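Enquirer:
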Amino acid sequence: MSTTIERPATAAPVTHVGRPLDRIDGHAKVTGAARYAADAPVGDVLYAVIVQSTVAGGRIAEIDETATRAVSGVVEVLTYRNAPKIPAFPFDFTVPFAEQLAPLQSDEIHYDGQHVALVIAETFEAAREGAVLLRITYAPGPFQATLEGAHETELPDNFFGNAMQVRRADPEAAFAASEITVDATYSTPVENHNPLEPSATVAQWRDGELIVHDASQWVLGSRAAYAKAFSVDETQVRVLAPYIGGGFGCKGFFWAHQTLAAMAAKVTGRAVKLVLSREQMFTSVGHRSSTRQRLRLGASRDGTLRAVLHDVQGESARVGAFFEPAGVVTPMLFAVPALSVSHRVAKLDIPSTTAMRAPGETPGTYALGCAMDELAYACGLDPLEVLRRNETETDGESGLPFSSRNLLACYERGAEAFDWSARTHAPRSMRDGGELIGWGVAAATYPAMRSRGEARVTIDAAGTIDVASATHDLGTGMYTILAQIAADALGADPRAIRVRIGDSAFPLAPVAGGSMSSASIGPAVHAAAERIRREVISIATSAGASPLHGLRADEVHVVDGILRAKDDPARAIAYADVVRLGGSGALEALGVAEPGKEQEEYSFHSFGAQFVEVRYDEELARLRVSRALGVFDCGRVLNAKTARSQMIGGIVWGIGMALLEETVRDDRYGAVVTNNLADYHVPVNADVPAIDVLFVEEPDLKFTALGARGMGEIGITGVAAAIANAVYHATGVRVRDLPIVPEKLLGGAAQAAWRK
Ligand code: MOS
Numbered sequence: 081m082s083t084t085i086e087r088p089a090t091a092a093p094v095t096h097v098g099r100p101l102d103r104i105d106g107h108a109k110v111t112g113a114a115r116y117a118a119d120a121p122v123g124d125v126l127y128a129v130i131v132q133s134t135v136a137g138g139r140i141a142e143i144d145e146t147a148t149r150a151v152s153g154v155v156e157v158l159t160y161r162n163a164p165k166i167p168a169f170p171f172d173f174t175v176p177f178a179e180q181l182a183p184l185q186s187d188e189i190h191y192d193g194q195h196v197a198l199v200i201a202e203t204f205e206a207a208r209e210g211a212v213l214l215r216i217t218y219a220p221g222p223f224q225a226t227l228e229g230a231h232e233t234e235l236p237d238n239f240f241g242n243a244m245q246v247r248r249a250d251p252e253a254a255f256a257a258s259e260i261t262v263d264a265t266y267s268t269p270v271e272n273h274n275p276l277e278p279s280a281t282v283a284q285w286r287d288g289e290l291i292v293h294d295a296s297q298w299v300l301g302s303r304a305a306y307a308k309a310f311s312v313d314e315t316q317v318r319v320l321a322p323y324i325g326g327g328f329g330c331k332g333f334f335w336a337h338q339t340l341a342a343m344a345a346k347v348t349g350r351a352v353k354l355v356l357s358r359e360q361m362f363t364s365v366g367h368r369s370s371t372r373q374r375l376r377l378g379a380s381r382d383g384t385l386r387a388v389l390h391d392v393q394g395e396s397a398r399v400g401a402f403f404e405p406a407g408v409v410t411p412m413l414f415a416v417p418a419l420s421v422s423h424r425v426a427k428l429d430i431p432s433t434t435a436m437r438a439p440g441e442t443p444g445t446y447a448l449g450c451a452m453d454e455l456a457y458a459c460g461l462d463p464l465e466v467l468r469r470n471e472t473e474t475d476g477e478s479g480l481p482f483s484s485r486n487l488l489a490c491y492e493r494g495a496e497a498f499d500w501s502a503r504t505h506a507p508r509s510m511r512d513g514g515e516l517i518g519w520g521v522a523a524a525t526y527p528a529m530r531s532r533g534e535a536r537v538t539i540d541a542a543g544t545i546d547v548a549s550a551t552h553d554l555g556t557g558m559y560t561i562l563a564q565i566a567a568d569a570l571g572a573d574p575r576a577i578r579v580r581i582g583d584s585a586f587p588l589a590p591v592a593g594g595s596m597s598s599a600s601i602g603p604a605v606h607a608a609a610e611r612i613r614r615e616v617i618s619i620a621t622s623a624g625a626s627p628l629h630g631l632r633a634d635e636v637h638v639v640d641g642i643l644r645a646k647d648d649p650a651r652a653i654a655y656a657d658v659v660r661l662g663g664s665g666a667l668e669a670l671g672v673a674e675p676g677k678e679q680e681e682y683s684f685h686s687f688g689a690q691f692v693e694v695r696y697d698e699e700l701a702r703l704r705v706s707r708a709l710g711v712f713d714c715g716r717v718l719n720a721k722t723a724r725s726q727m728i729g730g731i732v733w734g735i736g737m738a739l740l741e742e743t744v745r746d747d748r749y750g751a752v753v754t755n756n757l758a759d760y761h762v763p764v765n766a767d768v769p770a771i772d773v774l775f776v777e778e779p780d781l782k783f784t785a786l787g788a789r790g791m792g793e794i795g796i797t798g799v800a801a802a803i804a805n806a807v808y809h810a811t812g813v814r815v816r817d818l819p820i821v822p823e824k825l826l827g828g829a830a831q832a833a834w835r836k
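Using this note's numbering, read the sequence shown as starting at 81 and increasing by one per residue.
#1: Should Lys63 go down as buried or exposed, given a rule of 16 or more other Cβ atoms within 10 Å for buried?
#2: For the alpha helix (DSSP H) containing Ala201, name the first residue and the last one.
#3: Who pairs with Asp546 in a beta bridge, going by DSSP?
#4: Are Ala620 and Val537 close, meaning C-beta to C-beta below 8 Å?
#5: Who are the near neighbours of Thr754 in its chain, counting only those whose CB is closer than 6 Å to its CB and skipping five residues on each side?
#6: Does the Cβ of Phe328 lie closer than 7 Å to at least one heavy atom of the ligand MOS?
#7: Near Leu480, what residues of its chain come up, given a Cβ to Cβ distance below 7 Å and the 5 sequence neighbours on each side ignored?
#8: Just tell me which of Ile561, Val317, Ala264 has its CA closest to the CA of Tyr446.
#9: Which same chain residues end up closer than 8 Å to Ala585 when comparing Cβ atoms and leaving out the 5 residues on each side of it in sequence?
#10: So the candidates are Tyr218, Pro574, Asn765, Thr148; which of them puts its Cα closest to the Cα of Val605?
#11: Which runs of the alpha helix (DSSP H) fall wholly inside the region 703–766 and span at least 4 residues, in chain order?
#12: What residue does the alpha helix (DSSP H) around His809 start on, and which one ends it?
#13: Measuring only from the beta carbon, is Asp798 closer than 7 Å to any heavy atom that is part of the ligand MOS?
#14: Between the C-alpha atoms of Pro590 and Gly715, what's the straight-line distance to the nearest angstrom?
#15: Is the CB-CB distance between Thr148 and Val154 below 8 Å?
#16: Does DSSP put Gln373 in a helix, a strand or coil?
#17: Roughly how many angstroms separate the alpha carbons of Leu375 and Leu448, rounded to a whole number?
#18: Taking Leu413 as part of the alpha helix (DSSP H), name the residues at either end of that continuous run.
#19: Just to confirm the assignment: which complete alpha helix (DSSP H) runs, minimum length 4, are found wholly within the region 138–221?
#20: Do His293 and Ala120 come within 8 Å of each other at the CB atom, strictly closer than that value?
#21: So, is Phe240 buried or exposed, given that buried needs 16 or more other C-beta atoms within 10 angstroms?
#22: Restricting to runs no shorter than 4 residues, where is the alpha helix (DSSP H) found entirely within the region 284–324?
#23: Would DSSP call Trp500 helix, strand or coil?
#24: According to DSSP, simplified to helix, strand and coil, what is His107?
#25: Helix, strand or coil for Gly400 per DSSP?
#26: So what does Arg368 bridge to, in DSSP terms?
#27: Could you give the DSSP three-state label for Phe362: helix, strand or coil?
#28: Could you tell me the boundaries of the beta strand (DSSP E) in which Tyr127 lies?
#29: Kindly indicate the opening and closing residues of the beta strand (DSSP E) around Thr525.
#30: Please state whether the Cβ-Cβ distance between Arg295 and Tyr559 is less than 8 Å.
#31: Can you list, in chain order, the residues of its chain whose CB lies under 7 Å from that of Ala458, leaving out five sequence neighbours each side?
#32: Following a CB-centred definition, is Ala528 positioned closer than 7 Å to any heavy atom of the ligand MOS?
#33: Can you give me the Cβ contacts of Val300 inside the same chain, cut-off strictly under 6 Å, excluding the 5 residues immediately before and after it?
#34: Around the C-beta of Asp105, are 16 or more other C-beta atoms found within 10 angstroms, so that it is buried, or is it exposed?
#35: Report, in whole angstroms, the separation of the C-beta atoms of Asn719 and Pro100, which I expect to be a contact under 8 Å.
#36: What residue does the beta strand (DSSP E) around Asp648 start on, and which one ends it?
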C-alpha cells in the first residue's frame, strides 16, 4: 500500500508528512514557555472564585455576604440579586451554549453544583476565603437525579445528523426466527473528563471590546457565545487559546464559568481570572452520561447476524441538550439485514452531559463488542472469526459504500502481531502460574468528519513562513502536522515554519471535536501553501533580475526553501529573495477547503481492532491489563509519532473506562461525591502495560487530497469491550456493568448477582 500522495512536479522530492517529527511546540511546553489560558500575560488581574449550590432543587432563601465582604481584598460579590441580566439561549451548531440557563439570573436551583455566586478579589486567596465565608441558605425543593423514578423521557429523532430511532426490515421476527440468540443488558456509569488543565478564563473589556484567554476547543464558537451573551458584535470579541492542556470534549461547548468571567470583568472594569478547581470540573463542564443498553442479537449457527435490536436508555440534564447516542455505530459496523435501534433519554436535575471522547461510539462499541463475544461463545466459535464473518462493504445505514474500509486487514495484522492463534477457546483455559489469562478482541470505529476550514500562509521578505488558522491543538499534534503539510507543499523545512493557531482573529476553523481538525484544516493549509509556491515560482521565472528568469514553472523545483533549476542546480534563489523581487514585502494566500459531493457518494469511517490480554489473580482478586494492541485504519498517517500517541492515549482511557472510572452521585442529594482524583480513579502508570499500535495505512483520497481521516477519538472505541471479553475468557464471568472492579469478580452470591 502506498503512503505517498501525488505531488506536483515543482514540489520538493522529500515528504515531511507521515514522518514521526517531534512536536514543534514540545520545547515550549516542557520549558514552561507555552502559555495556557490561566498563564495569560495580563496585568492587574482580579481573581474570581465560584460558589456552587449544595442542593439539587429548590430556591436560594437567603444570602449573607457580610463575612465575605469583610475579607480584605474582596472587591465584589455577584449573585442573582445584583448580577447583570444575561439572556439564556438554546444550544445550536454555531453558538454552542451547553446549558440553556444563564448564570446568576434567578434564585432557582436546577442541580447540585450550579453556580450561585462569584466572589471577586485582589488575590486568589482572598477570593477563596470570601467564597468559603459566603452564607447561602436554601429552601430545598424536589429534584430527580436518578434514572429510577424519572418520569420525563424523550425519544430523540436525531443527534448531530444521526438518526436515533432506526428500523430496517422486521427485526423482531428475524430475531425470533434466529438459530442462535443473545439477549443481554450492559450498563456504563457517568464518567468525567479529567484534562490536566482545568478550565480557565481570563477576561478583559477594553473600549467595549472583550478579549478572552480561554481554555477552549472552539475559539470561534466561544466568540459567538460571548457576543450573544453580552449583546455585542462578534468583531468586538477575541478569544485566544494557543495551548490547551487536554479537553476531550469538556472544552468544546460554552459553559457558565466563561460567562461569569466576562461578567465579572464588565462589572469591575478590570481583567478577571477565573480557574475552575478540580472539584468544580466534575459539575461545571459536562460529563459522559450513563447508559443502559439492551442488545438482542439473532444469528445463524455460523455466527452470521440475522437481526440486531439495540435499545439505549440514557440521561440528559433538564437544562442541557446532550446525551450519549450509544446506538450510533450499530447500523453501520457489521452486516445486519434486520435491525432496530432506539434511544430513550431521561431528563434529570443534574449538571449537563456533554461530548466526551467519542460520545456514542465509546459506550456503543463497548456493548455491541461484548454482545458479539457472547454470540461467538453461544455459537462455539472464535470471537475474531465471528467479527470477520459479519464484515460489510457498505454502510447499512446510508446504503453507501465505505470510501475505504480495511477492518479485515486490521483483524489480520492484529491477530498475527498478538499471536491470536495461540488462544484456547474455553474460558479459564489459559494460565500462567497462579494467574488466569484472558484474551479479548473488539472492533473500533469512528466516523471521518470534516467541515469548512481556512488557513492563511504568509512569506515575508526575511523568508519567514507563517501559517495561521483559528484551529486548536489540545495536545494532539496539530501544530506539528500543519507545519509538515505546509513544508511539503512549499519545499521547506517544517521546523522553519511558524504555526499560529487558537485565535478567533485567524481564518475560520471548526470546533476541535469530532476528530475533524486535521481533515478540515490540513487541506486548507495545503491549498494556501500551494498557491504561495506557484506564485513564488511565477515571480522567480518572470522577474528579469532572477537567476531563474525565462524558465517554465515545471523546470523549477523547491528544496529547503530554495528554488532551483532542475537541470542546473547552480541557478537558484531563496524564497526570501523572491519575495523581495516581487516588491510587495510579503506574499500571502488564503486556503479554503470544504466537503463536497463525495459526502453523497461514500460513507466515511475509520476502523480498528483492539486486542487485549488480562491477568487475574483469583487469590488476591487482582485484575490487570497486561498487553494491549490497537490496529487502526485511519487513512494516511500525517505524523507517525503523534498519531501513535493519540491511539495510546485512547487505549489508556479505555483501560480506565473498563476497570476504574465511575462518577458516583449520592442519590439522596443528587450530588457528585467522587469529585477528586483520589475517588475518581483514572489509570496511572502501574495500571497501563506497554501498548502497541499499528496502522493499516491506505490514504483515503476520496475524503481529501491529503488522504487522512481523523485520529482523535477512535483510539478509545472498542477497548472496554476487548477488556470485558478478555475478563470473561480469563474468569468465565460476564460482567456487563462497567467498571469491572474486583468485587464484581468475586465468588458465590456476589458473582451470581453480577452475572444477572
Ligand atoms: Mo470531542 S468528545 O468531539 O472533543
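Idealized CB from N, CA, C, for every residue including glycine. All figures in this text were calculated on a predicted structure; none of them were measured in a lab.
Expert: Based on what the coordinates show:
#1: Shown here, the chain extends from 81 to 836; a query on residue 63 therefore has no answer.
#2: Counting along the chain, Ala201 falls outside any alpha helix (DSSP H), though it belongs to the beta strand (DSSP E) covering 195–201.
#3: Thr538, Arg578
#4: no
#5: Thr743, Val744, Tyr760
#6: yes
#7: Thr474, Glu681, Tyr682, Ser683
#8: Ala264
#9: Arg318, Ala550
#10: Pro574
#11: 720–739
#12: 799–811
#13: For the sequence presented, residue 798 should be read as Gly rather than Asp. Outside the cutoff, so no.
#14: 21 Å
#15: yes
#16: strand
#17: 7 Å
#18: 410–413
#19: 146–149, 204–213
#20: yes
#21: exposed
#22: 299–309
#23: helix
#24: helix
#25: strand
#26: Glu271
#27: helix
#28: 125–132
#29: 515–527
#30: Just to set this straight, residue 295 is Ala in the shown sequence, not Arg. Taking 8 Å as the Cβ cut-off, Ala295 and Tyr559 do not qualify as a contacting pair.
#31: Ile260, Val262
#32: no
#33: Reading off the sequence, residue 300 comes out as Leu, not Val. The residues are Ala550, Ser584.
#34: buried
#35: 7 Å
#36: 648–654
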